[in-house]
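Using full-length UniProt numbering, read the sequence shown as starting at 1 and increasing by one per residue.
Just so it is clear, CB atoms sit at the ideal spot from N, CA and C, and this is done for glycine as well.
Keep in mind the model is a prediction, meaning the values are calculated, not measured.
The structure appears right after this line, and notes come after that.
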Amino acid sequence: MTIYKKHCQNLDNKNHSYSHSSAVKVAFLLFGLSSSIVISGCTPKVEVALSEEPIVINLNINIKHEINVKADREINELFNDKEVF
1 MTIYKKHCQN
11 LDNKNHSYSH
21 SSAVKVAFLL
31 FGLSSSIVIS
41 GCTPKVEVAL
51 SEEPIVINLN
61 INIKHEINVK
71 ADREINELFN
81 DKEVF
């Protein structure tokens with residue numbers, strides 16, 4: 001005879017009613033709690049860490065356009081100067 005059956009007989013002898021549905025509810029509750037603990041232990045761990053080296057950003061700035069514009073303006077001024085030619 002199992003412990004559960006002995007417990008039920010003891011309760012019946014004391015004129016207490018014990019429903020099997022509440023035992024099933026308790027069993028499901030315990031199963032749910034234990035499975036949630038097991039599942040939460042298997043979750044992956046993500047860490048974000050900073051590097052010890054400084055972050056270097058290389059900016060390649062194209063200033064060719066600006067130089068061309070300045071050179072074009074100077075050339076136009078030279079062509080407009082009548083004394084040069």
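Grab me the residues of residue i's own chain with a C-beta within less than 6 Å of its C-beta, minus the 5 sequence neighbours each way, in chain order.
i, result
"Asp-81", "none"
"Ser-21", "none"
"Asn-58", "none"
Given this structure, state the Cα-to-Cα distance separating residue i from residue j, to the nearest angstrom.
i, j, result
"Lys-70", "Val-48", "48 Å"
"Phe-28", "Val-46", "32 Å"
"Val-38", "Ile-61", "55 Å"
Residues in the same chain with beta-carbon distance under 7 Å from residue i, minus the five sequence neighbours each way, listed in chain order, please.
i, result
"Asp-72", "none"
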